[in-house]
Amino acid sequence: MQRIWIVVMSVWAMLAIVAVLAWASHPVSTASPQLAPQQVVVKGANGKQHLVVLKSSTHATTATSAVARG
Amino acid sequence: MSTLSRIKWRAVGTTCTAAATTGIHDELRARVALEAAQEEVAACERELSRFDSDSDLTRLNAGAGSWQPVGRRLLETLRLALRAREDTGGRFDPTVLPALVAAGYDKSFELLEERPAEHADGWCAGATIELDHRRGRARLEPGTAVDLGGIGKGYAARCALDAMLARAPSLPGGLVDLGGDIAVRGETPEGGPWHVAVSDPRRPGETLAVLALAEGGVATSGRDARRFGPAGSLHHLIDPETGEPALAGPLTVTVVAPDAAEAEAHATTLAIGSLAEAEAHIAARPHLAALYVPHAGPPTPLGALPLETPRLVVSLA
Chain Y
1014 MQRIWIVVMS VWAMLAIVAV LAWASHPVST ASPQLAPQQV VVKGANGKQH
1064 LVVLKSSTHA TTATSAVARG
Chain E
97 MSTLSRIKWR AVGTTCTAAA TTGIHDELRA RVALEAAQEE VAACERELSR
147 FDSDSDLTRL NAGAGSWQPV GRRLLETLRL ALRAREDTGG RFDPTVLPAL
197 VAAGYDKSFE LLEERPAEHA DGWCAGATIE LDHRRGRARL EPGTAVDLGG
247 IGKGYAARCA LDAMLARAPS LPGGLVDLGG DIAVRGETPE GGPWHVAVSD
297 PRRPGETLAV LALAEGGVAT SGRDARRFGP AGSLHHLIDP ETGEPALAGP
347 LTVTVVAPDA AEAEAHATTL AIGSLAEAEA HIAARPHLAA LYVPHAGPPT
397 PLGALPLETP RLVVSLA
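Okay, structure coming up:
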């Protein structure tokens, strides 16, 4: 009977070690934050509309090509 | 869950970025794809740079008047440039190089020295460029020289994106940004369109608008950067009609098109014209959209500019 318990406990211990190792080597997810750009079109007293960006998280920016230095 | 794998490096005289939407177990594949983008930009630069003494373009310019062997990338960029010249009625012209050099932009921008501007002798726009795709060669009219600095970057951005997604077809999407000339395709890590900020030329570091693009190209042209000559009084936007830096035009203009090279060619065209001309230009080409930023006054969206939503209209009246 004692021998059976030793086998059962050994199997459990081995499973626990495997579980710990699997958890430790699990790839870490580094997802980009959800993008939530917010823009407001402000209509002035003269009726003209202006675009105002309140908050933005973007993938790239376009501008007149800057010169790389350094 | 997906992430965005990125690589950043210096090439084509500016800062370049390639990014790929990457699944959790796709990191290695993404890295290989990003390297393919980098290799493609280097290959484009070897053919298209006028500042590289060994490039195909330098040899073509030096051998103007006779047939010169050229690579497929240069041939294709010349074809796109000629098509843009025809489409814009000559407002975009790749043969403005003699005028650009005369104005003072005669070497890579960071190496420029101040010298008085000159007018190109015997300047004449619309010089002949002959292409022989079958034999892989091109011929320029004698006395002509070509600059593909802008449209070449747009073309290279698209080719780099093609190379990236061809190397790893399972990647859901990607983006290549060559100093503001941007090509995008497929899905972002969030599953929606790519968000491209338009830099505010009047407030450095600020964003003027955010564009949402599922596929296509974006380019910005303007006179807020790459200025040279006495006290930075000159800029690189040559008016083909005069052969001198253009007098008319906005501070910057951003164009959205199905292709980055096309976006760049039309941005260059709109950058030397008035707002009325830009409105007519975009109205006649429904596949294009633009954001025209004048030196003073509010920016004007032209065409179906794909502004990011949600948008709210707030009345201050």
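Here the protein sequences line up with chains Y and E, keeping their order.
The numbering used here applies: residue 1014 is where the first sequence begins, and numbers increase by one.
The numbering used here applies: residue 97 is where the second sequence begins, and numbers increase by one.
Quick reminder that beta carbons are idealized off the backbone N, C-alpha and C, glycines included.
Nothing here was measured: the structure is a model prediction, and the numbers come from that model.
Output needed for Pro346/E: all residues of its chain with C-beta closer than 8 Å, excluding positions within five of it in sequence on either side, in chain order. Within the second sequence, the letter at position 250 stands for residue 346/E. Excluding residues within five positions, the ones whose Cβ falls inside 8 Å are Gly318, Leu366, Ala367, Leu371, Ala374, Tyr388, Val389, Pro390 and His391.
Determine the direct distance from the alpha carbon of Ala1029/Y to that of Arg1016/Y, and round the result to whole angstroms. Against the first sequence, residue 1016/Y aligns to sequence position 3. Against the first sequence, residue 1029/Y aligns to sequence position 16. The straight-line gap from Cα to Cα measures roughly 20 Å.
Does DSSP put His377/E in a helix, in a strand, or in coil? For the purposes of this step, residue 377/E is identified with residue 281 of the second sequence, where counting begins at 1. Correct three-state label for His377/E: helix.
Please give me, in chain order, every unbroken run of the alpha helix (DSSP H) with length at least 4 that falls completely inside the segment 289-374 of chain E. With a minimum length of 4 residues, the continuous alpha helix (DSSP H) runs that stay inside the segment 289-374 of chain E are 356-366.
Who are Arg96/E's beta bridge partners in DSSP? The shown model of chain E, from 97 to 413, leaves out residue 96/E, and the question about it has no answer.
So with CB distances below 9 Å, who are the chain Y contacts of Val137/E? If you number the second sequence from 1, residue 137/E lands on position 41. Correct list: empty, because the minimum Cβ distance to chain Y is about 13 Å.
Rounded straight-line distance, which links the Cα of Pro165/E to that of Val294/E: Residue numbering aside, residue 294/E sits at position 198 when the second sequence is read from its first letter. Residue numbering aside, residue 165/E sits at position 69 when the second sequence is read from its first letter. Roughly 39 Å between the two C-alpha positions.
Since Asp102/E is in the beta strand (DSSP E), which residue starts that stretch and which ends it? Position 6 of the second sequence holds residue 102/E. The residue you asked about is not Asp; residue 102/E is Arg in the sequence shown. That run of the beta strand (DSSP E) goes Thr99 to Ala107.
So, is the C-beta of Lys104/E closer than 8 Å to a C-beta in chain Y? As a first step, residue 104/E must be located in the second sequence, where it is residue number 8. Judged by the 8 Å Cβ criterion, Lys104/E is not in contact with chain Y.
Out of Leu100/E, Leu236/E, Cys112/E and Ala107/E, point me to the one whose CA is closest to Arg127/E's CA. By 1-based counting over the second sequence, the position of residue 127/E is 31. For Arg127/E, the nearest C-alpha among the options comes from Leu100/E.
Apply the 10 Å Cβ neighbour rule to Ala376/E and answer buried if 16 or more other Cβ atoms are within range, or exposed otherwise. Here residue 376/E refers to the residue found at position 280 when the second sequence is read from its first residue. Result: exposed.
What residue from Ala321/E, His332/E, Gly119/E and Ala223/E has the CA that sits closest to Glu239/E's CA? As a working mapping, residue 239/E is identified with position 143 in the second sequence. It is Gly, not Glu, that sits at residue 239/E in the sequence shown. Of Ala321/E, His332/E, Gly119/E and Ala223/E, the residue nearest in Cα terms is Ala223/E.
I want to verify the contact list: residues of chain B whose CB lies under 8 Å from the CB of Ile278/E, in sequence order. This model lacks chain B altogether; the protein chains it does include are Y and E.
On a Cα-Cα basis, can you pick out the residue from Glu226/E, Phe188/E, Thr348/E and Gly288/E that is closest to Pro300/E? For the purposes of this step, residue 300/E is taken as the residue at position 204 of the second sequence. Of the candidates Glu226/E, Phe188/E, Thr348/E and Gly288/E, the one whose C-alpha sits nearest the C-alpha of Pro300/E is Thr348/E.
Applying a beta-carbon distance threshold of less than 9 Å, which residues of chain Y neighbour Ala115/E? As a working note, residue 115/E is residue 19 in the second sequence. Those are His1072 and Ala1073, listed as they occur along chain Y.
Looking only at its own chain, which residues have a Cβ that is under 6 Å from the Cβ of Ala342/E, when we skip the five neighbours before and after it? Looking up residue 342/E in the second sequence gives position 246. In the same chain as Ala342/E, and ignoring 5 residues on each side of it, the C-beta atoms closer than 6 Å to its own belong to Leu333, Asp335 and Ile368, in chain order.
Beta-carbon proximity list for Leu130/E, same chain, < 7 Å, skipping 5 on both sides: Here residue 130/E refers to the residue found at position 34 when the second sequence is read from its first residue. So the list reads Ser101, Ile103, Ala114, Ala116 and Met260, once near-sequence residues are dropped.
I'd like the list of long-range same chain contacts for Ala413/E, defined as Cβ closer than 7 Å, with 5 residues on each side in sequence excluded. Position 317 of the second sequence, counted from the start, is the residue given in the question as residue 413/E. Note on Ala413/E: pLDDT 40, under 50, position unreliable in the model; the coordinate value appears next. Excluding sequence neighbours, Ala413/E sits near nothing in its chain.
What's the C-alpha gap between Val351/E and Ala359/E? Counting from 1 along the second sequence, the entry for residue 351/E is found at position 255. Counting from 1 along the second sequence, the entry for residue 359/E is found at position 263. Computed Cα separation, rounded: 5 Å.
For Leu309/E and Pro289/E, the rounded distance between their alpha carbons: Reading the second sequence from its first residue, position 193 is the one you call residue 289/E. Reading the second sequence from its first residue, position 213 is the one you call residue 309/E. Looking at the two C-alpha atoms, the distance is approximately 5 Å.
For Gly276/E, count neighbouring Cβ atoms within 10 angstroms of its own Cβ and tell me buried if that reaches 16, exposed if not. The residue labelled residue 276/E in the question sits at position 180 within the second sequence. A residue is called buried when at least 16 other Cβ atoms come within 10 angstroms of its Cβ; Gly276/E meets this threshold and is buried.
What are the start and end residues of each continuous beta strand (DSSP E) run of 3 or more residues lying completely inside the segment 102-181 of chain E, in chain order? Here the runs fully enclosed are 110-118.
Just confirm the distance between the C-beta atoms of Gly314/E and Thr1075/Y, as a whole number of angstroms; I'd bet it's less than 8 Å. Within the second sequence, residue 314/E is the residue found at index 218, counting from 1. Within the first sequence, residue 1075/Y is the residue found at index 62, counting from 1. Sequence inspection shows Val at residue 314/E; the Gly mentioned does not correspond to that position. Contact holds; Cβ gap of about 5 Å.
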